[in-house]
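Written below as structure tokens is the structure these notes are about.
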Amino acid sequence: MRKFARIKPMMMGASAIVLLAAPGAAQAPAALTGLQTGIWELRHVGRSPRSPEHICVRNTTRLLQIHHAGIACQRRVLSDSQRSVSIRYECPGAGWGQTTLSVETPRLARIDTQGIESGRPFHNVYEARRTGDC
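Here it is in structure tokens:
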């Protein structure tokens, strides 16, 4: 029992460190802070010309999850800098994805995303351009 009494304060200290580290995980990646919200036009890169997709981006993290939109997924940041972010996300029962977003300007980005959606693989590269307000 005495040994546990000495370990207990160390365990409490370790849990405090974990709790202090947790808020940083909820913050938006640094690369997204300079991007503007609004209507974004997504054009496929390297494929035959298609009509571009348009999405309303009220929160720039939306650009990290083009597939599985509107699904609450768990995200893990793989790398993050001022100009680029890579994340992996898992959506229970719906699939997963991995996205790298590179910021060119506050209104222009390149999005490379791949994963599994509804049991089928996807891999898309987009030029994303802000075109107006939602």
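Numbers -30 to -1, 1 to 104, taken from mature numbering (1 follows the signal peptide of the UniProt record, and there is no 0), label the letters of the sequence shown in order.
Note that beta-carbon positions come from the ideal geometry of N, C-alpha and C, so glycine has one too.
Values in this document were obtained by computation on a predicted structure and should not be read as measured data.
Endpoints, beta strand (DSSP E) assigned at residue i
| i | result |
| --- | --- |
| Asn94 | Arg90 to Gly102 |
| Val73 | Gly65 to Thr75 |
| Cys26 | Glu23 to Val27 |
| Gly8 | Gly8 to His14 |
| Cys61 | Ser54 to Cys61 |
| Arg45 | Gln44 to Asp50 |
Span separating the alpha-carbon of residue i from that of residue j
| i | j | result |
| --- | --- | --- |
| Val15 | Ala64 | 25 Å |
| Gly8 | Thr30 | 9 Å |
| Pro(-2) | Val47 | 8 Å |
| Leu34 | Val27 | 11 Å |
| Glu23 | Tyr96 | 10 Å |
| Ala(-10) | Gln44 | Note that Ala(-10) scores 32 on pLDDT, short of 50, meaning its location in the model is unreliable and no value can be drawn from it. |
Inter-residue CB distance, residue i and residue j (contact presumed, cutoff 8 Å)
| i | j | result |
| --- | --- | --- |
| Thr69 | Asp82 | 7 Å |
| Arg100 | Arg77 | 4 Å |
| Val73 | Leu12 | Wrong, their Cβ atoms sit about 15 Å apart, outside the cutoff. |
Spatially closest choice to residue i from the options, by CA coordinates
| i | options | result |
| --- | --- | --- |
| Gly67 | Gly102, Ser21, Arg90 and Asp103 | Arg90 |
| Cys61 | Leu71, Ala98, Ala39 and Val55 | Ala39 |
| Glu87 | Ser21, Ser54, Arg20 and Tyr59 | Tyr59 |
| Ala1 | Cys104, His93, Ile57 and Gln84 | Ile57 |
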